[in-house]
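Quick notes on the structure that follows.
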Amino acid sequence: MEFTRLGRTGLRVSRIGLGCMSYGRAAAGMHQWTLDEDAAAPFFRQAVELGVTFWDTANVYQGGTSEEFVGRAISRFSRREEIVLATKVSGRMHDGPGGSGLSRKAILEQADASLRRLGTDYIDVYYIHRFDPQTPVEETMRALDDLVRAGKVRYLGASSMWAWQFAKAQHAAAVNGWTAFAAMQDQYNVLKREEERDMIPMCLDQGVGLTPYSPLAKGRAARPWGRQTARSSSDTVAKAFDRDVDEPVVHAIQRVAEARGVAMAQVALAWVLSKPVVSCPIVGATKAHHLQDAVAALELRLSAAEIAELEAPYLPQDNYWW
1 MEFTRLGRTG LRVSRIGLGC MSYGRAAAGM HQWTLDEDAA APFFRQAVEL GVTFWDTANV
61 YQGGTSEEFV GRAISRFSRR EEIVLATKVS GRMHDGPGGS GLSRKAILEQ ADASLRRLGT
121 DYIDVYYIHR FDPQTPVEET MRALDDLVRA GKVRYLGASS MWAWQFAKAQ HAAAVNGWTA
181 FAAMQDQYNV LKREEERDMI PMCLDQGVGL TPYSPLAKGR AARPWGRQTA RSSSDTVAKA
241 FDRDVDEPVV HAIQRVAEAR GVAMAQVALA WVLSKPVVSC PIVGATKAHH LQDAVAALEL
301 RLSAAEIAEL EAPYLPQDNY WW
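All letters in the sequence shown, in the order written, are residues 1 to 322 by the UniProt record's numbering.
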């Protein structure tokens, strides 16, 4: 395993992160393909064995059960001190005033709820899952700063918003002496490169590390065009990747992978890892080879010609944050 710093911070993170949206009670959330605790256990163990120590979840993943699985897995397979633990706030957990959004009430209530489910007294990286247009950014940033000062959170991150919204929040933190965001978790992969227009240049300028989700485009970049899985054939979000505009990119990944004699997932992830703004892509794992391919991608150095071949078919699209 390779390790790096999260943006300009001193936080040392594994170059591959374990995405934990795949783990949680299927009946408790929006996804029916997630793994229950017994089925998820081997992937937590494998992550520890491979040195994947950045674990990423969210309060809304399967109604909080993902956080519960993650908390117990840390105790079972590792030590809290060995894991860089990330979770998120914003999505709807209940109908009450503190059940969603980024108000002070919601942030403080949901942080405490996440800590209880995770069985820990601190979160390493706490993300705002989406921007909340109903709450002043000053209220949000002050509440997040209070969590840091209270020792409940170590670093702050944001996810999936317009660059001007991110800039507004960062400015509020700067002028008031509050903790700024150190990480941005947006969708970034060889099929979805919309963040290269504004968000990524801003993160590079400000030293914010990218921890991109869907680095394999919901799996579309990891298999030949047209091949389906249980998730891709049932998940409405994943189905959105069945777009003709992406087909030439998938074919390019397949050509490079076949020429190299490696899995397509390794090529697609090596492309993401080649970008200097990327600290730690988040990889979901529901089969044994998923994390193995991700770690193997660290050894794969794409040539300039291969990168150009992968990027050439891309056509600009609208931002897509799911």
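Ideal placement from N, C-alpha and C gives every residue a C-beta, glycine not left out.
For residue i, collect the residues of the same chain with a Cβ closer than 7 Å to its Cβ; drop the 5 residues on either side in sequence, then sort them by chain order.
i: Leu50; result: Met1, Leu291, Val295
i: Phe44; result: Ala73, Phe77
i: Lys105; result: Pro97, Gly98
i: Arg80; result: Ile74, Thr120
i: Gly151; result: Tyr122
i: Glu37; result: Phe69
i: Thr286; result: Ser22, Leu35
i: Asn319; result: Glu194
i: Gln206; result: Gln170
i: Asn12; result: A quick correction: the sequence has Arg, not Asn, at residue 12. Cβ within range, chain order: Phe3, Arg5.
Mind checking which residues open and close the beta strand (DSSP E) that includes residue i?
i: Thr135; result: Looking at the DSSP string, Thr135 is not in any beta strand (DSSP E), and its letter there is neither H nor E.
i: Gly284; result: 282-284
i: Ala222; result: That residue, Ala222, is in no beta strand (DSSP E); it is neither H nor E in DSSP.
i: Thr53; result: Premise fails: Thr53 is in no beta strand (DSSP E) and is neither H nor E.
i: Ala182; result: 181-185
i: Ala158; result: 153-159
i: Arg5; result: 3-5
Which same chain residues, not among the five before or five after residue i, have their C-beta less than 8 Å away from its C-beta?
i: Leu144; result: Ile107, Tyr126, Ile128, Val153, Leu156, Trp178, Thr179
i: Glu309; result: Ala252, Arg255, Val256
i: Val272; result: Tyr188, Asn189, Val190, Pro212, Pro215, Val278, Pro281
i: Val262; result: Ala296, Leu300
i: residue 324; result: Residue numbering for the chain in the displayed model covers 1 to 322; residue 324 lies beyond these limits and cannot be assessed.
i: Ser14; result: Met1, Glu2, Phe3, Gly51, Val52, Thr53, Phe54, Val84, Cys280
i: Gly101; result: Ser90, Asp132, Gln134, Thr135
i: Ala111; result: Val89, Ile123, Tyr126, Leu147, Lys152, Val153
Roughly how far, in whole angstroms, is the beta-carbon of residue i from the beta-carbon of residue j, given that I think they are within contact range, below 8 Å?
i: Gly91; j: Val137; result: In fact, because the Cβ distance is near 18 Å, the residues do not count as touching under 8 Å.
i: Glu311; j: Val256; result: About 11 Å separates the two Cβ atoms, so there is no contact after all.
i: Pro212; j: Gln185; result: 7 Å
i: Gly64; j: Met30; result: Incorrect: roughly 13 Å between the Cβ atoms, too far for contact.
i: Ala40; j: Phe69; result: 6 Å
i: Leu147; j: Thr120; result: Rounded, the Cβ-Cβ distance is 14 Å, inconsistent with contact.
i: Gly19; j: Gly284; result: 4 Å
i: Ile16; j: Trp55; result: That belief does not hold up - the Cβ atoms of Ile16 and Trp55 are roughly 11 Å apart, past 8 Å.
i: Ala174; j: Val208; result: At roughly 13 Å, the Cβ-Cβ gap does not stay under 8 Å, so Ala174 and Val208 are not in contact.
i: Met202; j: Ala163; result: 5 Å
i: Ala304; j: Ala268; result: The Cβ separation is near 17 Å, so there is no contact.
i: Glu67; j: Leu118; result: 5 Å
i: Gln46; j: Ala288; result: 7 Å
i: Leu302; j: Ser274; result: 6 Å
i: Asp293; j: Gln317; result: Not quite, the Cβ-Cβ distance comes to about 26 Å (not below 8 Å), so this is no contact.
i: Val249; j: Tyr314; result: 6 Å
i: Met264; j: Arg223; result: 6 Å
Could you confirm whether any beta carbon from chain B is found closer than 8 Å to the beta carbon of residue i?
i: Met199; result: Any reference to chain B falls outside this structure, which holds one protein chain only.
Report all residues from its chain with a CB closer than 6 Å to the CB of residue i; omit the five preceding and five following residues, and keep chain order.
i: Ala172; result: Val137, Glu138, Met141
i: Ser159; result: Tyr127, His129, Gln185
i: Gln62; result: Gly24, Arg25, Ala28, Gly29, Thr34
i: Gln165; result: Phe131
i: Ser103; result: Thr135
How is the alpha helix (DSSP H) around residue i delimited, first residue to last?
i: Arg76; result: 65-77
i: Leu302; result: Counting along the chain, Leu302 falls outside any alpha helix (DSSP H), and DSSP gives it neither H nor E.
i: Ala263; result: Taken as a continuous stretch (DSSP letters only), Ala263 belongs to no alpha helix (DSSP H), as it is neither H nor E.
i: Met199; result: 199-206
i: Leu291; result: 288-296
i: Asn189; result: Neither: Asn189 is in no alpha helix (DSSP H) and is coded neither H nor E.
i: Val175; result: 163-176
Quick one: which unbroken beta strand (DSSP E) runs of 3-plus residues sit fully inside the segment 79-147? Chain order, please. 84-89, 123-128
Do three or more CB pairs link the segment 3-13 to the segment 268-283 at distances below 8 Å? yes
Output the residue ranges of the alpha helix (DSSP H) runs that lie fully inside the segment 10-51 and measure 4 residues or longer, sorted by chain position. 37-50
Are there three or more Cβ pairs, one per stretch, closer than 8 Å when the segment 180-199 is compared with the segment 241-252? yes
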